[in-house]
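**Student:**
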Amino acid sequence: MGNSLQRPTENRGRQEEEGNGSSFTCEICIEPMAANKKFKNKNLCTHPFCQECIAKYIQVKVQDNNTAKIECPGLNCKKNLDPFSCKPMIPSSLFSKWCDLLCEDYVRGYERSYCPNRNCMALVVNECERKGRMKKAQCPNCKHWFCFQCKLKWHGGYHCEESGNLRDRNDIAFGQLVERMKWARCPGCGHCVQRKNGCHVVVFRLVNFPLFNFLLDQNRCLVYYCY
């Protein structure tokens, strides 16, 4: 009398193991296995697979297919295999390659750069929301500051296109002063300007005297920009 409820398919492995604590049947090789040979995918799913079959399955996915996120081989199962649950069953070299693939898959959606320090060269990932706008970055490995846009040593007070030019100590010190004082550089002529007050719209112009115009080859700037 009455209707009976059937447990979900993914619990069949657990049901079988509870019914027979000494063995189970692997759904890949279809061989009876001792219970201690069963693969346990953390708390993600409980399909009955032996450790040897799972190890071979991972090897094919990683070595042949370069797959980062490996799904459980169970029918219609969309759960991923937990790497740390699999680690004891596979060679360390295979596990290392799998971790590399997972890292590459993770950073694929982020901006990334390599530290320009020759003694470091660590991969640095921009996980901030300011995608495409981040400039000054610190390498988490060697702690050196660098420009995330031009991939060179940090060039405070200078634009990226100027950073490749050789500069002496005075140039570097001036660039640091520009950065510290938060001065802006005119996009037209490159001169520095400091806004004391007023609106953010600035017009930069050189002194309008004949002598100055002659000395400056009459190259007045008159560029409007937002400070």
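Take the sequence shown: its position 25, counting from 1, is numbered 25 in full-length UniProt numbering, and each next residue is one higher. Beta carbons: idealized from backbone N, C-alpha and C, even for Gly.
Looking at the secondary structure, which residues open and close the alpha helix (DSSP H) in which Pro83 lies?
**Tutor:** The continuous alpha helix (DSSP H) containing Pro83 extends over residues Pro83 to Cys86.
**Student:** How would you label Cys142, buried or exposed, when you count the other beta carbons within 10 angstroms and need 16 or more for buried?
**Tutor:** exposed
**Student:** What residues in its chain sit with their C-beta under 7 Å from that of Glu127, if we drop five residues either side in the sequence?
**Tutor:** Tyr110
**Student:** Mind listing, in chain order, the continuous alpha helix (DSSP H) runs of no fewer than 4 residues lying wholly within the UniProt domain "RING-type" (26-73)?
**Tutor:** Listed in chain order, the complete alpha helix (DSSP H) runs (minimum 4 residues) inside the UniProt domain "RING-type" (26-73) are 51-59.
**Student:** Mind checking whether Ile28 and Ala55 have CB atoms under 8 Å apart?
**Tutor:** no
**Student:** Kindly indicate which three-state DSSP category Cys103 falls into: helix, strand or coil?
**Tutor:** helix
**Student:** What residues in its chain sit with their C-beta under 7 Å from that of Lys153, if we drop five residues either side in the sequence?
**Tutor:** Pro116 and Phe146
**Student:** Under a Cβ-count criterion, where at least 16 other Cβ atoms within 10 Å of its own Cβ denotes burial, should Tyr106 be classed as buried or exposed?
**Tutor:** exposed
**Student:** Leaving aside the five residues before and after residue 295 along the sequence, list all residues of the same chain whose C-beta is less than 6 Å from its C-beta, in chain order.
**Tutor:** Beyond the ends of the chain as shown, which are 1 and 227, falls residue 295; an answer cannot be given.
**Student:** Alpha carbon to alpha carbon, what distance is there between Ile58 and Ser93?
**Tutor:** So the alpha carbons of these two residues sit roughly 12 Å apart.
**Student:** Candidates Cys45, Asn76, Phe174 and Val62: which alpha carbon is nearest Gly157's?
**Tutor:** Phe174
**Student:** Anyone know if the C-beta pair for Ile70 and Lys79 falls short of 8 Å?
**Tutor:** no
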